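Heads up: the sequence shown begins at -19 in the numbering used here, then just goes up one per residue.
Think of the CB as a built atom: it goes at the ideal place given N, C-alpha and C, for glycine as much as any other residue.
Quick caveat, the model's predicted, so the values are computed rather than measured.
Before any comments, here is the structure.
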Amino acid sequence: MILVKHILEAARKRLAVLSREASLFDAARILANRDTPLVVVCDSDGIAVGVISSSHVVNVLAPRGLMPWVSTRAR
């Protein structure tokens, strides 16, 4: 049987963690690396409270005009 513990070491190499107080740009810098598709967000006790993906970042920044090359209009 294959258990989570068998892949944990490889998964840790790709793990990225940020605090809730980190900036969105900190998350974007991490997500710019293809080997890091998600950032785990933790509270001050180190408990995971969510994840952020690159699509989350785009969905926040594009409508604000911070990513002018991404169109938010329906085609």
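Distance between residue j and residue i (C-alpha atoms, nearest Å)
| i | j | result |
| --- | --- | --- |
| P17 | S33 | 6 Å |
| L11 | M(-19) | 32 Å |
| D15 | V37 | 17 Å |
| N13 | L(-5) | 12 Å |
| A8 | K(-15) | 29 Å |
| E(-11) | G45 | 39 Å |
DSSP beta-bridge partners of residue i
| i | result |
| --- | --- |
| L18 | S33 |
| A(-4) | DSSP, once it has assigned bridges, lists no residue as partnering A(-4). |
Spatially closest choice to residue i from the options, by CA coordinates
| i | options | result |
| --- | --- | --- |
| R24 | L(-12), L11 and A2 | According to the sequence shown, residue 24 is Ser rather than Arg. When each option's Cα is compared against that of S24, the closest is A2. |
| L(-2) | L41, G30 and P43 | G30 |
Local conformation of residue i per DSSP, three classes
| i | result |
| --- | --- |
| A(-9) | helix |
Buried or exposed by the 16-neighbour rule on C-beta atoms within 10 Å, applied to residue i
| i | result |
| --- | --- |
| V19 | buried |
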